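Read through the structure below, which is laid out as structure tokens, and then see the notes.
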Amino acid sequence: NSKHEFNDPHEVLLHKLEELVKNLSEVVSRLETKVLKESSKIDDGVGIKDEISLIKYDGRMKYQGDEEKKKGVSVTKYSPFWSERFRFMSALKLGSAATCINILPFRDYEGFSKYVGVGDERGRVYVFLRNGDVVVEFYTECESPVVAMVSYMSVYKNESFVVTGHRNGAILMHKVYERLNGEELSSLVMETVGKFVEGNGLPITTLEVHHVGRMRYILCTDLSGKIQVFREEGTLYGSAMPRSRPLVFLKQRLLFLTETGAGSLDLRNMRIKESECEGLNHSLARNYVFDATERSKAYGFTSDGDLIHVLLLGDIMNFKCRVRSKKILEINEPLAFQAIKGYLIIVNTEKVFVFNVSTPHYVRAGVPRLLFSASLDEIKSSFLTYQVMDTNKERVQVMPVIASDRETLIVLGLGGEYVGMYRSNLPVLKGESNTMLWTSPVLFFILFLFGAWQFFAKKKEAFTSWGTDDPFSSSSATNSAPLGSNTGERPFIDSSSRSSDMVDLRSSGLRGRRYASPSRYPSGATTTSFRPNSADPISRPAPVDPNYRAAPELNYRGSTLEPTGFSKRRESLFVNTQATDDKS
Numbered sequence: 001n002s003k004h005e006f007n008d009p010h011e012v013l014l015h016k017l018e019e020l021v022k023n024l025s026e027v028v029s030r031l032e033t034k035v036l037k038e039s040s041k042i043d044d045g046v047g048i049k050d051e052i053s054l055i056k057y058d059g060r061m062k063y064q065g066d067e068e069k070k071k072g073v074s075v076t077k078y079s080p081f082w083s084e085r086f087r088f089m090s091a092l093k094l095g096s097a098a099t100c101i102n103i104l105p106f107r108d109y110e111g112f113s114k115y116v117g118v119g120d121e122r123g124r125v126y127v128f129l130r131n132g133d134v135v136v137e138f139y140t141e142c143e144s145p146v147v148a149m150v151s152y153m154s155v156y157k158n159e160s161f162v163v164t165g166h167r168n169g170a171i172l173m174h175k176v177y178e179r180l181n182g183e184e185l186s187s188l189v190m191e192t193v194g195k196f197v198e199g200n201g202l203p204i205t206t207l208e209v210h211h212v213g214r215m216r217y218i219l220c221t222d223l224s225g226k227i228q229v230f231r232e233e234g235t236l237y238g239s240a241m242p243r244s245r246p247l248v249f250l251k252q253r254l255l256f257l258t259e260t261g262a263g264s265l266d267l268r269n270m271r272i273k274e275s276e277c278e279g280l281n282h283s284l285a286r287n288y289v290f291d292a293t294e295r296s297k298a299y300g301f302t303s304d305g306d307l308i309h310v311l312l313l314g315d316i317m318n319f320k321c322r323v324r325s326k327k328i329l330e331i332n333e334p335l336a337f338q339a340i341k342g343y344l345i346i347v348n349t350e351k352v353f354v355f356n357v358s359t360p361h362y363v364r365a366g367v368p369r370l371l372f373s374a375s376l377d378e379i380k381s382s383f384l385t386y387q388v389m390d391t392n393k394e395r396v397q398v399m400p401v402i403a404s405d406r407e408t409l410i411v412l413g414l415g416g417e418y419v420g421m422y423r424s425n426l427p428v429l430k431g432e433s434n435t436m437l438w439t440s441p442v443l444f445f446i447l448f449l450f451g452a453w454q455f456f457a458k459k460k461e462a463f464t465s466w467g468t469d470d471p472f473s474s475s476s477a478t479n480s481a482p483l484g485s486n487t488g489e490r491p492f493i494d495s496s497s498r499s500s501d502m503v504d505l506r507s508s509g510l511r512g513r514r515y516a517s518p519s520r521y522p523s524g525a526t527t528t529s530f531r532p533n534s535a536d537p538i539s540r541p542a543p544v545d546p547n548y549r550a551a552p553e554l555n556y557r558g559s560t561l562e563p564t565g566f567s568k569r570r571e572s573l574f575v576n577t578q579a580t581d582d583k584s
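Numbering (the UniProt record's numbering), first residue to last: 1 to 584.
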């Protein structure tokens, strides 16, 4: 029977079709299994081949591994935005994931930041130079991840203090100083000097240093929002509990932004004053950072997915918070905010977003403008090119970390164990305040006064011409007539014919008004008045003699000779007659 069945052409064809269907089913199942395996290894939208390493060989890229796949697939496109605008300086690979970054306050001879501190998930702190050399790998006394870090300079030269906050609530203080190994070489030393809080509490979220004269206070907040203030030696100064959790502190102002608004802390009595932020519309803020140039401006991200621009004005007694602008931002959390001069940088676990906050477009619109975005893989590929990539390990999802010196230096966590240091090449424009200052009417008025003062300072007679002290004015001549003149005119007396026993008031103890002797008149004019009579229509002013004393040399401010009870009319010192020669 079986032989008969196979002799039938229809039966043979049916049998072949069944085998074909079976083979196709097996192929489809294999393809589905392969697709599932490949999709499970796709990370952040980038397809990665299983156990494939890229090797540079004779200038060509050669695939090793699965020989069945001979076609290359584009997994990402290189974007030059980041490399053109941020200059790569160095990179560091840690033994574990980076959880916190802080730029230490050491400066080199050029004025740039010298050291950078990085905390990892094992409680260690790495300190490295700008060129990437690790100078300190410090094991703290707490193995919990470092989630907050702040540093400040000591009163001693080349010494600073670093305060670390850990996930288990511990707060430690460390001293970092440079020690000379020779005449020029120096090494950095780090040691723990105190413990503020034991590690049995909530994670630390914020650390800040507040200076009051020579005193320094360490402000810290935990996940519940509780604010604790410690003295520099480690003792607790006080604590307070606000209604809303603080997110960021304004340096040296004791003002802070919370999830629902703003608040202030009075160190004298540890009292907190809070107020809601106008325009927030009952949404909760997730992140905040203050502007690098204008401290009253801040940028944040809300629970509704809005990028907000906030103004915080006032002092600890009277302050006001107002939302200036909102913009919907489609970005996945968690986020990390950082600001440099003129720009805002936002980082999540996948990308970096750069916003412009200083251009004229921003001034008119009031909203940070997105310049570009770049993935962390693109940034990392600039210094990991032609290196073996282990694709069997899954990427560990960690909190994004970023730090800056508020100028141009940026230290960025690139995911996992890598940390990169970059310097911004972005142009920085002038702020709004400078533009308004040079167009202010007050400035023009001040410049006018300065110019007037310079003009009249060169002309000394201009000041006296404004007053009543001009000796050649008619009113001044009448009021300041010499003794012996009844008509207000001063008679001219030849200096050669003066009597030797004439009283000189200048040498007298009762010093009156000083008058300079006028120049000698021509002969025949001895009885003529020195000042022309105002009633004479043809009178001409006499030419100025070189011996004539100018107005600034005359002193009209002498004390009066008469007491206040007598009349101001003065008797003439000389008889109003023709001058006679006493020598004759």
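Built from N, CA and C at the ideal position, the CB exists for glycine as well.
Note that the coordinates shown come from a computational prediction; the quantities given were computed from them, not determined experimentally.
From which residue to which residue does the alpha helix (DSSP H) around residue i run?
i, result
"ALA452", "441-458"
"SER154", "Note, SER154: premise wrong, no alpha helix (DSSP H); not H, not E."
"ASP377", "376-381"
"GLU208", "First-last for GLU208: 204-212, but that is the beta strand (DSSP E), not the alpha helix (DSSP H)."
"PHE81", "81-85"
Pull up the CB-CB distance for residue i and residue j, whole angstroms please, since I reckon it's below 8 angstroms.
i, j, result
"LEU92", "VAL419", "5 angstroms"
"GLU407", "LYS341", "6 angstroms"
"GLY117", "LEU104", "6 angstroms"
"LYS175", "GLU198", "The pair is not a contact, with the Cβ atoms about 20 angstroms apart (cut-off 8 angstroms)."
"GLY132", "SER90", "3 angstroms"
"LEU429", "TYR422", "Rounded, the Cβ-Cβ distance is 21 angstroms, inconsistent with contact."
"ASP291", "ALA336", "16 angstroms between Cβ atoms; not a contact."
"ILE204", "GLY234", "Not a contact, Cβ separation roughly 15 angstroms."
"CYS220", "ILE171", "6 angstroms"
Does the separation of the CB atoms of residue i and residue j fall below 8 angstroms?
i, j, result
"THR140", "ARG124", "yes"
"ARG322", "SER303", "no"
"SER244", "GLU274", "yes"
"residue 606", "PRO427", "Absent from the structure is residue 606, since the part of the chain shown begins at 1 and ends at 584."
"GLU288", "PRO368", "Before going on, a small fix: residue 288 reads as Tyr here, not Glu. Not a contact, by the Cβ cut-off of 8 angstroms."
"LEU307", "LEU329", "yes"
"SER83", "SER382", "yes"
"ILE316", "SER239", "no"
"VAL162", "SER151", "yes"
"VAL147", "GLY165", "yes"
"LYS380", "LEU414", "yes"
"THR260", "LEU247", "no"
"GLU350", "LEU376", "yes"
"GLN252", "HIS211", "yes"
"residue 587", "LEU280", "Given that the chain is displayed from residue 1 to residue 584, the structure contains no residue 587 and the question cannot be resolved."
"LEU254", "ALA262", "no"
"ASN425", "PHE86", "yes"
"ARG107", "SER113", "yes"
"LEU223", "VAL127", "no"
Name the DSSP beta bridge partners of residue i, please?
i, result
"LYS175", "PHE161, GLU191"
"PRO246", "THR258"
"CYS100", "GLY119"
"VAL216", "Reading off the sequence shown, one finds Arg at residue 216, where the question assumed Val. For ARG216, which the question treats as bridged, DSSP gives the partners HIS211."
"GLN338", "ILE345"
"residue 591", "Absent from the model: residue 591. The displayed extent of the chain is 1 to 584, so no value can be given."
"LYS93", "TYR418"
"ILE410", "SER404, TYR422"
"VAL135", "For VAL135, which the question treats as bridged, DSSP gives no partner whatsoever."
"GLY263", "PHE256, GLU274"
"MET149", "THR164"
"LYS351", "SER375"
"ILE227", "THR221, ALA240"
"SER186", "LEU180"
Closer than 7 angstroms: is that where the CB of residue i sits relative to any heavy atom of the ligand GDP?
i, result
"LYS458", "With respect to the ligand GDP, the structure shown offers nothing to examine, as it has no ligands at all."
Just curious, the beta strand (DSSP E) that residue i is in, first and last residue?
i, result
"MET270", "First-last for MET270: undefined, no H or E at that position."
"CYS142", "Note, CYS142: premise wrong, no beta strand (DSSP E); not H, not E."
"HIS309", "306-314"
"THR302", "297-302"
"VAL323", "319-328"
"VAL239", "Note that residue 239 corresponds to Ser in the displayed sequence, not to Val. 236-240 is the span of the beta strand (DSSP E), which, as asked, contains SER239."
"LEU129", "124-129"
"ARG286", "285-290"
"PHE106", "Where PHE106 is concerned, there is no enclosing beta strand (DSSP E), given that its DSSP letter is neither H nor E."
Please report whether the beta-carbon of residue i lies at a distance below 8 angstroms from any beta-carbon of chain D.
i, result
"PHE301", "In the structure shown, chain D cannot be found, because there is only a single protein chain."
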